[in-house]
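Sequence order for the protein chains is U and B.
Heads up: the first sequence begins at 1 in this note's numbering, then just goes up one per residue.
Heads up: the second sequence begins at 188 in this note's numbering, then just goes up one per residue.
Where is the CB? At the ideal position from N, CA and C, for every residue including glycine.
Worksheet: the structure to be examined is printed underneath.
2 protein chains.
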Amino acid sequence: MTLSPLQVLTLENFLSLPALEESPAWEFIDGAAIQKPMPKTRHSILQKRLLSEIDAHSKDYTALPELRCTFGGRSIVPDIAVVEWNRIPVNSAGEPEDNFMQPPDWTIEILSPDQNATRVIDNILHCLRHGSRLGWMLDPDDYSVLSFMPQQEPDVYRVDRQLPVIEGVDLNLTTQQLFSWLKIARR
Amino acid sequence: MTLSPLQVLTLENFLSLPALEESPAWEFIDGAAIQKPMPKTRHSILQKRLLSEIDAHSKDYTALPELRCTFGGRSIVPDIAVVEWNRIPVNSAGEPEDNFMQPPDWTIEILSPDQNATRVIDNILHCLRHGSRLGWMLDPDDYSVLSFMPQQEPDVYRVDRQLPVIEGVDLNLTTQQLFSWLKIARR
Chain U
1 MTLSPLQVLT
11 LENFLSLPAL
21 EESPAWEFID
31 GAAIQKPMPK
41 TRHSILQKRL
51 LSEIDAHSKD
61 YTALPELRCT
71 FGGRSIVPDI
81 AVVEWNRIPV
91 NSAGEPEDNF
101 MQPPDWTIEI
111 LSPDQNATRV
121 IDNILHCLRH
131 GSRLGWMLDP
141 DDYSVLSFMP
151 QQEPDVYRVD
161 RQLPVIEGVD
171 LNLTTQQLFS
181 WLKIARR
Chain B
188 MTLSPLQVLT
198 LENFLSLPAL
208 EESPAWEFID
218 GAAIQKPMPK
228 TRHSILQKRL
238 LSEIDAHSKD
248 YTALPELRCT
258 FGGRSIVPDI
268 AVVEWNRIPV
278 NSAGEPEDNF
288 MQPPDWTIEI
298 LSPDQNATRV
308 IDNILHCLRH
318 GSRLGWMLDP
328 DDYSVLSFMP
338 QQEPDVYRVD
348 RQLPVIEGVD
358 LNLTTQQLFS
368 WLKIARR
């Protein structure tokens with residue numbers, strides 16, 4: 001069985017599909033399977049650098065790329081899921097379980113040029129409703145970060161405003177610094 | 188003097204420019220003049236129909252298309268500004284003043300295919316921070332409405348969920364009903 005966009009199925013069926021091994025990842029939202037867009041170069045650079053910066057500034061949390069998180073009737077794959085180490089289930093061999101059935105503590109999405117922003121925001125809000133404490137949507141075309149916290153208005157961060165992080169991650173970063181990573185790639 | 192995108196100027200200079208009479212409207216955001224995209228057919232249909240529905244369901248509020256609202260250091264032109272009648276300043280001839288220097292009570296934006304969603308959301312959040320009670324971003328490509336209220340998480344409305352309105356507007360409308368207006372146009 002292969003997946004086609006917006007195919008209607010159950011979460012259980014979806015999770016048993018071989019297509020779940022594909023890249024870019026398929027997500028399950030409101031009864032439909034939707035494939036994430038193929039990441040472009042700018043997306044990959046921001047993702048890779050953020051992963052290492054978050055990991056370098058926390059001992060209790062880890063930043064994971066493309067971790068499938070299944071909870072609240074959806075199965076989503078944030079570009080970066082920041083999760084507390086002690087929340088990652090471990091199997092009898094002492095290795096992480098394959099399935100993560102919780103929201104990340106902090107979800108980060110990097111908007112691709114042709115990606116629908118409302119759908120990305122919808123997934124971030126789904127995380128917040130189920131316990132995530134922070135969500136970021138990076139918009140590389142607008143050089144901005146749209147930040148979400150539970151029970152608050154979102155906020156747009158630009159230029160030299162310091163970005164909000166979760167407690168336990170000691171990262172001081174402005175929007176400008178974040179997008180300057182794209183320039184480093186020109187060397 | 189003609190305007191070029193992202194030209195840096197003061198709010199005072201911006202407001203004195205003849206280009207302000209142009210359509211699509213120019214907005215002034217963070218020191219830069221930015222022109223709104225040319226509305227497409229679906230945009231126009233949704234805008235026109237929403238205007239008449241809101242007007243038909245309120246006696247205290249009026250829905251105005253392309254009203255320039257200048258406040259808090261920005262000069263923005265929501266696709267629809269819903270404003271309480273008695274908040275509209277009237278001149279000595281009993282006619283509305285040309286300049287509206289307040290946020291609308293309810294701001295409605297209809298996302299165009301090539302429009303940057305973060306910038307649209309940024310303007311909605313600017314309205315909320317300065318006193319607007321409700322903001323909608325219609326996404327015709329996603330058949331969804333992203334709704335914003337002060338000091339709350341935004342919420343995505345789809346299908347048969349009833350859309351939130353402000354007190355004083357007695358409009359019962361689901362997302363599905365709203366986007367079905369596009370189908371009527373095929374007759």
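- Contact annotation: in the stretch 215 to 234 of chain B, residues whose CB is within less than 9 Å of a CB in chain U are D217.
- Look at B:L207 here: in three-state DSSP terms it is helix.
- Looking at the DSSP output, U:E12 bridges to nothing.
- Scanning chain U for C-beta atoms nearer than 9 Å to the C-beta of B:I308 yields A117, I121, L146, P154 and V156, reported in chain order.
- Boundaries of the beta strand (DSSP E) around U:A63: Y61 to P65.
- Here U:I124 is actually not in contact with B:L333; their C-beta atoms are around 11 Å apart, not less than 8 Å.
- Using a 10 angstroms sphere on the CB of B:D329, the tally of other CB atoms reaches 16 or more, which defines it as buried.
- When rounded, the separation of the alpha-carbon atoms in B:P290 and B:S262 is 10 Å.
- With contacts defined as CB atoms closer than 8 Å, B:A212 and B:V270 fail to qualify as a contacting pair.
- Straight through space, the alpha carbons of U:L15 and B:I267 are spaced by roughly 42 Å.
- Taking 8 Å as the threshold, the shortest C-beta distance from U:D142 to chain B falls below it.
- From the beta-carbon of U:P150, the residues of chain B found nearer than 9 Å are E340.
- Separation of B:R345 and U:G31 (C-alpha to C-alpha, rounded to the nearest whole angstrom) is 13 Å.
- In this structure the stretch 227 to 241 of chain B does not lie against the stretch 162 to 180 of chain U, because fewer than three pairs of beta carbons, one per stretch, are closer than 8 Å.
- Under the Cβ criterion of 8 Å, U:L163 is not counted among the residues facing chain B.
- Secondary structure of B:V277 (DSSP, three-state): strand.
- B:L312 has a beta carbon lying within less than 8 Å of a beta carbon in chain U.
- Residues of the stretch 126 to 139 of chain U whose Cβ lies closer than 7 Å to any Cβ of chain B, in chain order: L128 and D139.
- When rounded, the separation of the alpha-carbon atoms in B:L369 and B:L298 is 15 Å.
- Taking C-beta atoms as the reference points, U:S132 and U:W106 count as a pair closer than 8 Å.
- Runs of the beta strand (DSSP E) lying entirely within the stretch 267 to 344 of chain B, each at least 3 residues long, are 267 to 271, 293 to 297, 321 to 326 and 331 to 335 in chain order.
- Under the 10 Å beta carbon count, U:M137 is surrounded by 16 or more other beta carbons and is classified as buried.
- Here U:D139 has L111, A117, V145 and L146 as same chain residues with Cβ atoms under 8 Å from its own Cβ, once five neighbours each way along the sequence are excluded.
- For B:I216, there is no enclosing alpha helix (DSSP H); the residue is part of the beta strand (DSSP E) that begins and ends at W213 to I216.
- A residue is called buried once 16 or more other Cβ atoms fall within 10 Å of its Cβ, and B:E296 is buried on that count.
- The C-alpha of B:P224 is placed about 21 Å away from the C-alpha of U:R119.
- For the pair U:L178 and B:N273, the Cα-to-Cα distance works out to about 46 Å.
- For B:T257, the enclosing beta strand (DSSP E) starts and ends at C256 to F258.
- For U:R49, the three-state secondary structure derived from DSSP is helix.
- Less than 8 Å divides the Cβ of U:F100 from the Cβ of U:C69.
- Excluding the 5 residues flanking it on each side, B:F215 has same chain C-beta neighbours closer than 7 Å at L198, F201, R261 and S262, in chain order.
- In the three-state DSSP reduction, B:R229 falls in the helix class (H, G or I).
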